[in-house]
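Since the structure comes first, as structure tokens, the remarks are kept for the end.
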Amino acid sequence: MRTVVKKARSPSLQDEAIFLLRARIDAWLAEYVDCLDSKRIEAWPDFFEEQCFYTILPGENHALGLELGLIRCESRAMLKDRAYAIQKTAMFGPRDIRHFFGGLIIRDVRPDVVHAESNFLIVETLNDEMPRVFAVGRTYDEIKPAGDSFRFKARRCVYTSNLIPNTLVIPI
Amino acid sequence: MRTVVKKARSPSLQDEAIFLLRARIDAWLAEYVDCLDSKRIEAWPDFFEEQCFYTILPGENHALGLELGLIRCESRAMLKDRAYAIQKTAMFGPRDIRHFFGGLIIRDVRPDVVHAESNFLIVETLNDEMPRVFAVGRTYDEIKPAGDSFRFKARRCVYTSNLIPNTLVIPI
Amino acid sequence: MRTVVKKARSPSLQDEAIFLLRARIDAWLAEYVDCLDSKRIEAWPDFFEEQCFYTILPGENHALGLELGLIRCESRAMLKDRAYAIQKTAMFGPRDIRHFFGGLIIRDVRPDVVHAESNFLIVETLNDEMPRVFAVGRTYDEIKPAGDSFRFKARRCVYTSNLIPNTLVIPI
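One line per chain: the protein sequences are A, B and C, in this order. End of the first sequence sits at 574 in our numbering; the numbers just go up one at a time, nothing left out. End of the second sequence sits at 574 in our numbering; the numbers just go up one at a time, nothing left out. End of the third sequence sits at 574 in our numbering; the numbers just go up one at a time, nothing left out.
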């Protein structure tokens with residue numbers, strides 16, 4: 403079931419509380435991205451609720467409301483399995499991966515969950531090569547307040563290319 | 403006539419009101435960018451005043467104070483014509499276009515208009531190809547408060563390449 | 403000696419003062435980037451303290467705690483020398499260079515200095531060529547309040563590629 407409210411207007415731009423919330427989520431996403439870029443993959447699942455949903459799927463599927471994706475995890479335990487696999491079993495050459503995100507929109511604010519979206523840009527640098535744009539797309543996030551920070555209840559990462567990036571070793 | 407104040411310092415960084423304004427404009431630009439990226443081109447002219455100015459021009463012309471550009475619209479009605487043309491008559495292969503903007507500067511704040519600038523980065527993904535950086539540049543905007551949101555009085559998009567991006571089908 | 407606190411959590415996301423500080427630094431970095439992109443190199447050293455440290459170094463060296471870099475300046479006077487060299491003596495073809503930064507993290511706030519980090523992306527456009535991603539990486543900054551603005555006490559720019567970008571004519 404699609405829970406993303408596509409056509410809704412963002413909450414009023416007059417509302418100061420929304421901007422503080424947006425600023426807090428922006429700062430938290432910056433920490434999330436740094437966790438991935440610095441390859442502290444073991445800390446990655448901690449950004450998610452125990453009961454959560456994480457997927458990376460192509461734009462075509464997302465447009466049709468199909469959740470079938472390259473990666474699909476339905477709990478933090480599954481994310482931990484994947485983190486372990488990335489760190490211990492995956493075979494891939496050394497590379498730097500940088501995540502950029504922009505255009506953050508707070509779509510909907512409910513007492514227990516915030517719906518947010520943003521564009522992402524991933525730049526990959528292989529040893530002895532120039533950097534290249536590896537993937538772009540949009541994330542559709544459901545974010546829960548958790549103490550003085552946040553956790554993902556759901557994160558859907560929709561990439562725009564039909565090409566399956568077969569070297570997608572670090573999550574989005 | 404050039405209305406962009408190039409050398410002026412931004413308003414004082416001590417002023418909290420400026421940061422709320424900057425945050426509001428940042429959030430509004432995120433909505434603008436999403437309108438384009440999600441190809442809701444029919445809604446694009448609504449981000450502009452009835453009496454407005456929109457242009458996409460090369461850096462060389464901008465540096466000389468010449469307004470001659472790839473696209474030039476002098477009213478919302480002209481933007482609507484262009485939006486209609488993009489949706490109904492233009493021939494182009496399917497592609498995803500993502501806009502990123504950054505480095506937002508509030509140059510000048512007057513009672514009825516805010517001068518703002520930011521860098522833009524456009525990434526294009528053709529079917530079965532990897533994403534590529536399509537265009538970069540800087541926008542020089544005149545933004546008017548409109549109810550609880552904003553509208554462009556003027557938007558000048560200055561791209562850096564001499565190459566005319568002949569597949570520029572989605573506005574900036 | 404490495405002064406960057408790598409594993410520390412950012413200051414609490416509940417703290418509103420932190421968000422105003424983050425917003426101010428974000429706005430100031432936007433001015434810094436614009437100074438470089440608009441090639442006002444003579445103004446670049448003014449963003450630094452008299453006693454300061456500036457380096458551009460590869461990720462490999464940074465990971466090992468080695469400060470050896472492509473560029474290394476240990477005072478504003480050295481930055482002025484370099485700015486003069488860029489403007490008066492360096493030979494390079496015309497090009498546009500755009501800096502993007504994202505994922506700003508406020509790592510540590512002390513009475514006289516703020517430790518901040520962010521990712522950077524540099525896009526270069528040569529005459530009659532398409533734009534290309536020239537460099538990506540992360541900056542580790544020590545920032546001092548200075549009047550109603552800021553100045554760098556230290557700025558370490560860590561790029562991810564092993565390739566030495568031999569056309570790095572504009573600073574990061």
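Built from N, CA and C at the ideal position, the CB exists for glycine as well.
Counting only beta-carbon separations shorter than 8 Å, does residue i have a partner in chain A?
i	result
B/G505	no
B/A429	yes
B/D417	no
Taking 6 Å as the limit between beta carbons, can you name the residues of its chain near residue i, skipping five residues before and five after?
i	result
A/L523	F502, V538
A/H464	V560
A/R500	D439, V525
B/F552	W430, I545
Show which residues of chain A have a CB atom less than 8 Å away from the CB atom of residue i.
i	result
C/A432	The contacting residues do not exist; C/A432 stays about 13 Å from chain A at best.
B/R534	V535
C/L565	D530, E531, M532
Given a cut-off of 8 Å on the beta-carbon distance, is the pair residue i and residue j in contact?
i	j	result
C/R474	C/T491	no
C/R509	C/N521	no
C/V516	C/I427	yes
A/C559	A/I574	yes
B/G461	B/Y542	no
A/C437	A/A429	no
B/D530	A/L472	no
C/S459	B/E418	Note that residue 459 of chain C corresponds to Leu in the displayed sequence, not to Ser. Their beta carbons are not under 8 Å apart, which means C/L459 does not touch B/E418 by this criterion.
Using a 10 Å radius around the Cβ and a threshold of 16 neighbouring Cβ atoms, would you call residue i buried or exposed?
i	result
C/E519	buried
B/P447	buried
B/A425	buried
C/D439	buried
C/L470	exposed
C/A548	exposed
C/R512	exposed
Starting from the C-beta of residue i, find all residues in its chain whose C-beta is less than 7 Å away, skip the five residues before and the five after it, and write them out in chain order.
i	result
A/T527	R497, D498, P533
C/F455	E476, A556
A/G504	S520, N521
A/Y434	F449
C/D514	K546
So, is the C-beta of residue i closer than 8 Å to a C-beta in chain B?
i	result
A/R557	no
A/L468	no
C/V525	yes
A/R404	The pLDDT assigned to A/R404 is 38, lower than 50, so where the model puts this residue is not dependable; a value taken from the coordinates is nonetheless given after this. Chain B contact via Cβ: absent.
A/N586	Here chain A has residues from 403 to 574 only, and residue 586 of chain A is not among them.
A/A410	Reliability of the predicted coordinates at A/A410 is poor, the pLDDT of 41 falling under 50, and no value is obtained from them.
Give me the chain B residues within the contact set of residue i, using Cβ-Cβ distance strictly less than 8 Å, ordered along the chain.
i	result
C/A425	F421, R424, A425
Answer with yes or no whether the minimum CB distance from residue i to chain C is below 8 Å.
i	result
B/G461	yes
A/Y561	no
Taking residue i as the query, report the chain B residues whose CB atoms sit under 7 Å from its CB, ordered along the chain.
i	result
C/F449	Result: empty, since nearest Cβ-Cβ is about 13 Å, beyond 7 Å.
Which bits of chain C does residue i rub up against, with CB to CB less than 8 Å?
i	result
B/V538	D498, R500, V525, T527, P533
B/E476	Neighbours of B/E476 on chain C: none; closest Cβ ~27 Å, over 8 Å.
Using the beta-carbon of each residue, which ones in chain A are nearer than 9 Å to residue i?
i	result
B/D436	G505, I507, E519, N521, R540
For residue i, which residues in chain B fall below 9 Å Cβ to Cβ?
i	result
C/D543	By Cβ distance, chain B contributes nothing, its closest Cβ being about 16 Å from C/D543, past 9 Å.
C/D439	G505, N521, R540
For residue i, which residues in the same chain have their Cβ closer than 8 Å to its Cβ, ignoring the five residues on either side in sequence?
i	result
C/F554	F449, F450, E451, C454, Y456, D543, E544, I545, K546
A/A485	I443, E444, W446, P447
C/L506	R424, I427, D428, L431, A518, E519, S520
C/L481	W446, P447, F450, C454, Y456, C475
A/Q489	I443, E444
Would you check whether the ligand HEM has a heavy atom nearer than 7 Å to the C-beta of residue i?
i	result
A/G549	Absent from the structure shown: the ligand HEM. Ligands present: none.
Compare the C-beta of residue i with all C-beta atoms of chain E and state if any pair is closer than 8 Å.
i	result
B/N521	Absence of chain E from the displayed structure is noted, the protein chains being A, B and C.
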